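Q: Residue numbers (full-length UniProt numbering): 1 to 234.
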Amino acid sequence: MIAGEKEVDSWTRIMLLYRSAVEEIRTKIDILNDEFQQTHRYNPIEYVKTRVKSPESIAKKLKRYGREDNIENMVSYCNDIAGIRIVCSFTSDIYKLADMIGKQSDITVLSIKDYINHPKASGYKSYHMIVTIPIFLSDNVVDTRVEIQIRTIAMDFWASLEHKIYYKFEGDAPEYISHDLRECAHIVSMLDAKMLSLNEAIMKAKKEQRDEQKVEQNAHERLNMLINQAKSGS
């Protein structure tokens, strides 16, 4: 096999690992969401996006790092070739999901970046995890890295807009646009906080309603029991 063929074969094998890792973790996330729905009657996940970076994107990233474009550097320096984005309704769901994912016995958490409590200067917010998951091949097992991003719908909307602006201006947007983006990020944070507070109020009201219904039901059952006892005595 010539050198070029070897390189193509290695590339194909590496990309198979990344695609498989994304599928494995996506399955775990779907199971967690289904289980949460059955146990708590609530879905913490609005939607999930997955992707494996293209060769062009990988080459650009290595170039920014000042690294040669080869498979060894790709595996060593690119942690986000395989990526999963989980979008939730509320900020509280983000930390619940991160905790559940981290407790999976075959997932190893390598690093965490909490851009929610510590936003980037641009205003970007999200919760990032770099994890590894074992991929079982015919001849060996390979721990493969995946980047997991968890954010709210509002955070995802802001990040999508920021991403488009970043590429439109090639990373050098005018200051007035950057300023407006930071202001929008602040509004997004306030919106997330307000929606979380509203959800907590709704959940509390529902619990109080269930408690009242339970008290009424118990009182009704008690009354029926007393009536039946009185009838039996007579």
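Note that beta-carbon positions come from the ideal geometry of N, C-alpha and C, so glycine has one too. The structure presented is a predicted model; accordingly, all values stated were derived computationally and were not measured.
For Met129, which residues does DSSP report across the bridge?
A: Ile112, Ile148
Q: Report back the beta-carbon spacing between Asn73 and Arg145 to the nearest angstrom; my notes put them in contact at under 8 Å.
A: Going by Cβ atoms, the distance from Asn73 to Arg145 rounds to 14 Å, so no, they are not a contact pair.
Q: Leaving out five residues on either side along the sequence, give the residues of the same chain with a beta carbon under 6 Å from the beta carbon of Lys53.
A: Closer than 6 Å at Cβ, skipping near neighbours: Ile81.
Q: Count the other CB atoms, across all protein chains shown, that sit within 10 Å of the CB of Thr91; report buried if there are 16 or more and exposed otherwise.
A: buried
Q: Along the alpha helix (DSSP H) that carries Ala59, what are the first and last residues, could you check?
A: 55-64
Q: By the 10 Å Cβ neighbour count, where 16 or more other Cβ atoms means buried, how is Thr152 classified, buried or exposed?
A: buried
Q: Find the nearest neighbour of Asp156 within the set Tyr18, Val188, Ile107, judged by alpha-carbon distance.
A: Val188
Q: State the DSSP-derived secondary structure class of Cys78, mapped to helix, strand or coil.
A: coil
Q: Using a 10 Å radius around the Cβ and a threshold of 16 neighbouring Cβ atoms, would you call Asp139 buried or exposed?
A: exposed
Q: With a CB to CB cut of under 7 Å and the five nearest residues on each side skipped, what residues in its chain are close to Ile130?
A: Asn79, Leu110, Ser111, Arg145, Glu147
Q: Roughly how many angstroms separate the alpha carbons of Arg210 and Lys113, rounded to a whole number?
A: 39 Å
Q: Output the boundary residues of the beta strand (DSSP E) element that contains Lys49.
A: 45-52
Q: Thinking Ile150 and Ile71 are a contact (beta carbons under 8 Å), I'd like their distance in whole angstroms, please.
A: Their Cβ separation, rounded to whole angstroms, is 29 Å, which puts Ile150 and Ile71 out of contact at 8 Å.
Q: Distance check for Ile133 and Val142, CA to CA, integer angstroms please.
A: 8 Å
Q: So, using beta-carbon positions, are Cys88 and Glu46 closer together than 8 Å?
A: yes
Q: State yes or no: is the C-beta of Ala154 within less than 8 Å of the C-beta of Ile165?
A: No, these two residues do not count as a Cβ contact at 8 Å.
Q: Please report whether the beta-carbon of Glu56 lies at a distance below 8 Å from any beta-carbon of chain E.
A: The displayed structure is made up of one protein chain only, and chain E is not part of it.
Q: Taking the DSSP output, what are the residues bridged to Gly102?
A: Bridge partners of Gly102 according to DSSP: none are assigned.
Q: Tell me which residue opens and which closes the alpha helix (DSSP H) that Ile107 is part of.
A: Looking at the DSSP string, Ile107 is not in any alpha helix (DSSP H), and its letter there is neither H nor E.
Q: Using only CA atoms, which one of Tyr65, Cys184, Leu16, Asp69 lies nearest to Ile59?
A: Checking the sequence shown, residue 59 turns out to be Ala, not Ile. The shortest Cα separation from Ala59 among Tyr65, Cys184, Leu16, Asp69 belongs to Asp69.
Q: Going by the CB atoms, is the gap between Lys207 and Gln104 shorter than 8 Å?
A: no
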